[in-house]
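**Student:** Below you'll find the structure I mean.
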Amino acid sequence: MATNRTFTMLKPDAIENGHMGKIIDMIIEAGFHIKAMKYTQLTEGQAKEFYAVHAERPFYSELVAYMTSGPIVAAILEKENAVADFRSLIGSTDPAEAAEGTIRKAFAESKGRNAVHGSDSDENAQLEGAFHFSEAEIF
Ligand code: DAT
Ligand code: MG
């Protein structure tokens, strides 16, 4: 089922490096509406569950350690074609491969510390948004 929402996290490197405001600005400038937003820090359990699909990958423990290393901003975003358009806005997983003008090209440090998360399907956008927000926190 197609939806017009996606889910994002501004990751610990983006917050540490002072890019929170600039990234949120790029998201709004690109036409996304903020439906929900929170500044929080993932517990180990939350990070493991969120990235469970990568549990067998060699970088999983590094990913969990990194994602719990500092605060993040989690948000639900709305726009027509939200999932695909947001993946275009953030760019490739590896910033070395990310296109000019994308968030990861501008702000990501590396393939692991890559500034921002974006859902990869409407189904995951729904699951990930519900993982972080109750209905009462979505506007
Ligand atoms: P994306 O975040 O672009 O959807 P993904 O779902 O393949 O990428 O991986 C999730 C995250 O895991 C990614 O943002 C950073 C980390 N990651 C992926 N591949 C990695 C690798 N080869 N080495 C280190 N971290 C990696
Ligand atoms: Mg992914």
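Note that numbering that gives the first Met the number 0 has the sequence shown beginning at 0, numbered continuously upward. Glycine included, C-beta positions come from ideal geometry on N, C-alpha and C.
Less than 8 Å separating the Cβ of Asp-121 from some heavy atom of ligand 1?
**Tutor:** By 1-based counting over the sequence shown, the position of residue 121 is 122. No, the beta carbon of Asp-121 sits no closer than 8 Å to any heavy atom of ligand 1.
**Student:** What separation, rounded to the nearest whole angstrom, lies between the Cα atoms of Phe-130 and Ser-91?
**Tutor:** Within the sequence shown, numbered from 1, the residue matching residue 130 stands at position 131. Within the sequence shown, numbered from 1, the residue matching residue 91 stands at position 92. About 24 Å.
**Student:** Is any heavy atom of ligand 1 found at a distance shorter than 8 Å from the C-beta of Thr-92?
**Tutor:** Within the sequence shown, residue 92 is the residue found at index 93, counting from 1. Yes, the Cβ of Thr-92 comes within 8 Å of a heavy atom of ligand 1.
**Student:** Under three-state DSSP, which class holds His-53?
**Tutor:** Walking along the sequence shown from the start, residue 53 turns up at place 54. Three-state DSSP puts His-53 in a helix.
**Student:** Sorry if obvious, but does the Cβ on His-116 come closer than 8 Å to a heavy atom of ligand 2?
**Tutor:** Counting from one through the sequence shown, the residue named residue 116 turns up at place 117. Indeed, a heavy atom of ligand 2 lies less than 8 Å from the Cβ.
**Student:** So, at 6 Å on beta carbons, what are the nonlocal neighbours of Met-36 in its own chain, with the 5 sequence-adjacent residues on each side left out?
**Tutor:** The residue given as residue 36 occupies position 37 in the sequence shown. Excluding residues within five positions, the ones whose Cβ falls inside 6 Å are Ala-74.
**Student:** Have a look at Ala-13, Glu-122, Ser-120 and flag the residue whose alpha-carbon is nearest the alpha-carbon of Met-66.
**Tutor:** For this step, residue 66 is matched to residue 67 along the sequence shown. That would be Ala-13, whose Cα lies nearest to the Cα of Met-66.
**Student:** Taking its Cβ as the centre, do 16 or more other Cβ atoms sit within 10 Å of Glu-28, making it buried, or is it exposed?
**Tutor:** Position 29 of the sequence shown holds residue 28. It counts as exposed.
**Student:** Can you check which of these residues, Gly-100, Glu-55, Ile-137, is closest to Leu-76 by C-alpha distance?
**Tutor:** Along the sequence shown, one-based indexing puts residue 76 at 77. Answer by Cα proximity: Ile-137.
**Student:** When every heavy atom of ligand 1 is checked, does at least one fall within less than 8 Å of the C-beta of Leu-9?
**Tutor:** As a first step, residue 9 must be located in the sequence shown, where it is residue number 10. It does not: the Cβ of Leu-9 is nowhere closer than 8 Å to a heavy atom of ligand 1.
**Student:** Can you tell me whether Gly-101 is buried or exposed? The criterion is at least 16 other CB atoms within 10 Å of its CB, across all chains shown.
**Tutor:** Numbered from its first residue, the sequence shown carries residue 101 at position 102. Per the sequence presented here, residue 101 reads as Thr, with Gly not at that position. Buried, since its Cβ has 16 or more Cβ neighbours within 10 Å.
**Student:** Return helix, strand or coil for Gly-117, following the three-state DSSP convention.
**Tutor:** Counting from 1 along the sequence shown, the entry for residue 117 is found at position 118. Gly-117 falls in the strand class under three-state DSSP.
**Student:** Residue range of the alpha helix (DSSP H) that Arg-4 falls in?
**Tutor:** Within the sequence shown, residue 4 is the residue found at index 5, counting from 1. Premise fails: Arg-4 lies in the beta strand (DSSP E), 4-9, not in any alpha helix (DSSP H).
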